[in-house]
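Position in the sequence shown (first residue = 1) + 12 = our numbering.
Note that CB positions come from ideal geometry on N, CA and C, so glycine has one too.
It should be emphasised that the depicted structure is a prediction, and the values quoted were computed from it without experimental measurement.
One structure is given below, encoded as structure tokens.
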Amino acid sequence: MVVLSLYRRHRPRTFDEVVGQKHIVRTLRNAIELGKVHHAYLFVGSRGTGKTSMAKLLACALNAEGGPRADFSPDDPASRAIAAGTSLDVVEMDAASNNSVDDIRELRENVALQPMAGGRRVYILDEAHMLSTSAWNAFLKTLEEPPPHVVFVLATTEAHKVPATIVDRCHRFDFGRPSLEQLAGVLRRVAGEEGIEVPDAAVGMIARAATGSFRDALGTLEQLVTYGGARIELRDVLEVLGVADAELVFEAADALADHDSRAALLCVERLAASGRELPQFIRDLAAHLRHLFVTQTLGEVPDTFSVTAEHSGRIAAQAERIPEGELLRGIDLLAAALAAIKDGSEPRIQLELALMKATRPDADLSLGALAFRVERLEERLKALGGGGDGATVAPPSGSGDGLTAAEPAPAQPRPASSSSNGGASGAVGAPAPSPAESAAAVVSAPFGDATTAPSPAPPPSPAEPDSSAASDPPQPSTSALDLTALRTLWPSVVDAVRAENAMVGALLGEARPAELEGDRLTVALPPGADFTRRKIEANRPLVQTALRRLTGGAPMLSFELSDGGQAGALTASAPMLTEEELLERLKQEFGAREIFEDDPPKPEE
Ligand SMILES: Nc1ncnc2c1ncn2[C@@H]1O[C@H](COP(=O)(O)OP(=O)(O)OP(=O)(O)O)[C@@H](O)[C@H]1O
Ligand SMILES: [Mg+2]
């Protein structure tokens, strides 16, 4: 005997059993009661949200014993036949496999048939968006004026692929994704009816993994029963879903809190050894960091998390330990890792990279990481009671690059009522200086050798404000920061320029700081890169602004064509491009086009 799958056995049999989709149920009920059922419906929604189930319920109501009625009995012979898929008056077609003109021609001939039991013939066309254009054209007339006994229900997950001519001729319903509670509710109901024992925490986990599909949730429940019998244990769920057990997720988050890259790498090692799916772990860890962030923001662990009491306590504790900025950065880094994996990158490398950057912001020189470190320094300043007004604090010695950031202040969970004025790093009162300004203040004393820890500039004494200072802020000398540090910072300077002007940024990528004499910085470009130099020189202010923002200093810039004098400095990463090659690259990358003097002027837009 064929046993139907769990989700088919538990398809809603009446409109009352439908969970959610209230607006659709009500509209269809009224249409049936008022005898105003339309001849064509378009059901739109993601997988497993109940489109086919609703279409079948509509068919049951229209073929109910004694005439159409919304409160039909699921035990009516017609309802039973429809539920079993054996009704001759309800035709289910899957456009994924029947999408040709011939299929539609056959359907057109078929619609003329009178209903067997005197009700309505209901055609349910699943995956409707798969119909070919010519099939749609062949279908249009029939859809517009079908015989009175026919009702079409087109179901699709991709409404944008259904021609507008078709959409216009249908009554459209959009199915919402069920909430976690609704999914958990159906799981508990079905488990109860099937005599399956499943702990609440497992229900929560299955519901979360179902990502908004009733079918997937019930499919997982069925898999679990096949896997471990009618008594489901939490560890079975972890096994079957390949969800990294919560322990590893908590440990990875602890590594973030402790900035412990070694512990983070060991986590990845154990995860890989366990054979769990790495992308799933990344999603779980990102979801966990979001939980910590929400807990921090709400000041408590919300019930909707449906986690065990033990986990709830650990979430609250961890939320205290990781500053808001680091949580957000962690989530960003994990999202970037998932995106890279989607593009084909090696999952383990991407996960390790994300965790390295998250646990060692100082090793990451991207602009994002620098801005993040400035934010932490601001927190540190606040914690030290220093004004956020750009007063300087000497960076800890021994770093040798003058760029190391201070340790972050521990997370300040926001009191539940706090308004969003900046969270853990929320500054009240004087507006916080922009990250670049405070960076300049903190890592000022640029352009000199790093060995001598720069003496912090004395904070301006509020007593005697100097009018000239206000109008013309003093340019800190550029001798404090040495060439090595400048070279370390250079990628961020290029990033900053690229953010303002992609082309100049790309050209600047070919250049390297070659010499620093007092306040004069010589930047070298590969020999022959005349065009590049001219272009950069024409945009010198952009480079200077970026330098000032990142170092607080404004050295005089000069650009020269040379191999940078320093062995391998320029040749290593920048293959020489002739002017022609460069023009070609500009055309390819930026869609640039050469403009010649005698080109006819472009007609006004
Ligand atoms: N609103 C609901 N209430 C209760 N259970 C539901 C609901 N919607 C769907 N289900 C359950 O999920 C299963 C799958 O639903 P259904 O086949 O109707 O989804 P669908 O939207 O047609 O999916 P697909 O786009 O993949 O065809 C149903 O058999 C039923 O068990
Ligand atoms: Mg369907």
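| Query | Result |
| --- | --- |
| Suppose only complete runs of 3+ residues qualify. What are the beta strand (DSSP E) ranges in the segment 44–100, listed by chain order? | 52–56 |
| Anyone know if the C-beta pair for Arg25 and Pro86 falls short of 8 Å? | yes |
| Would you mind stating whether Gly75 and Arg20 have Cβ atoms separated by less than 8 Å? | Looking at the sequence itself, residue 75 is Asn, so the reference to Gly does not match. No, they are not a contact pair. |
| Output the boundary residues of the alpha helix (DSSP H) element that contains Val113. | 113–123 |
| Can you tell me whether DSSP reads Ser109 as helix, strand or coil? | coil |
| Does the separation of the CB atoms of Ile136 and Ala214 fall below 8 Å? | no |
| Taking the alpha carbon of Pro525 as the reference point, which residue from Glu572, Val509, Arg247, Ser225 has its own alpha carbon closest? | Glu572 |
| Please specify which runs of the beta strand (DSSP E), each continuous and at least 3 residues long, are wholly inside the segment 486–540, giving them in chain order. | 524–529, 532–537 |
| So, under 8 Å CB-CB, Ala140 and Ala176 are touching, yes? Tell me the CB distance rounded to an integer number of Å. | That belief does not hold up - the Cβ atoms of Ala140 and Ala176 are roughly 14 Å apart, past 8 Å. |
| Express the C-alpha separation of Arg499 and Ala651 in angstroms, rounding to a whole number. | Beyond the ends of the chain as shown, which are 13 and 617, falls residue 651; an answer cannot be given. |
| Measure the C-alpha to C-alpha separation of Ala352 and Lys48 and round it to an integer number of angstroms. | 51 Å |
| If you draw a straight line from the alpha carbon of His172 to that of Met142, how long is it in whole angstroms? | 11 Å |
| Nearest-angstrom Cα distance between Val198 and Leu365? | 39 Å |
| Just verifying my parser: in three-state terms, what is the DSSP assignment at Val15? | coil |
| Under 8 Å, with one C-beta from each stretch per pair, do the segment 339–347 and the segment 234–253 reach the 3-pair mark? | no |
| Check each candidate in Arg181, Gln235, Gln556, Ala275 and name the one with the smallest Cα separation from Glu251. | Gln235 |
| Between Asp186 and ligand 2, is the CB less than 7 Å from at least one heavy atom? | no |
| For a quick check, are the C-beta atoms of Phe164 and Thr61 less than 8 Å apart? | no |
| With DSSP as the reference, label His183 as helix, strand or coil. | strand |
| So what does Thr168 bridge to, in DSSP terms? | Val56 |
| For ligand 2, list every residue whose C-beta falls under 6 Å from any of its heavy atoms, going in chain order. | Lys63, Thr64, Asp138, Ala167 |
| If we count the other Cβ atoms within 10 Å of its Cβ and call it buried at 16 or more, is Arg201 buried or exposed? | exposed |
| At which residues does the beta strand (DSSP E) containing Phe27 begin and terminate? | It is not in any beta strand (DSSP E) - Phe27 carries neither H nor E in the DSSP assignment. |
| Bridge partners for Asn263 per DSSP, in chain order? | One point to set straight first is that residue 263 is Glu, not Asn, in the sequence displayed. Answer is none; Glu263 lacks a bridge partner. |
| Could you check whether the segment 144–159 touches the segment 27–34, counting it as contact only if at least three pairs of C-beta atoms, one from each stretch, sit closer than 8 Å? | no |
| Rounded to the nearest angstrom, what separates Leu18 and Gly240 at their Cα positions? | 16 Å |
| Could you tell me the boundaries of the beta strand (DSSP E) in which Ile334 lies? | Looking at the DSSP string, Ile334 is not in any beta strand (DSSP E), and its letter there is neither H nor E. |
| Examine ligand 1 and report whether any of its heavy atoms sits within less than 7 Å of the Cβ of His22. | yes |
| For Gln308, count the other beta carbons within 10 Å of its own beta carbon; 16 or more makes it buried, fewer makes it exposed. Which is it? | buried |
| Using only alpha-carbon positions, find the residue among Leu559, Leu16, Pro314, Gly207 that is nearest to Arg532. | Leu559 |
| With 16 other CB atoms within 10 Å as the buried threshold, where does Ser146 fall? | exposed |
| Using only the alpha-carbon positions, how far apart do Ala508 and Met515 sit? | 12 Å |
| Could you work out which residue in Gly517, Val505, Pro538 is closest to Ala566 when comparing CA atoms only? | Val505 |
| Ends of the beta strand (DSSP E) at Arg133? | 133–138 |
| Are Asn513 and Leu554 close, meaning C-beta to C-beta below 8 Å? | yes |
| Flag Gln33 as yes when its Cβ comes closer than 7 Å to any non-hydrogen atom of ligand 1, and as no otherwise. | yes |
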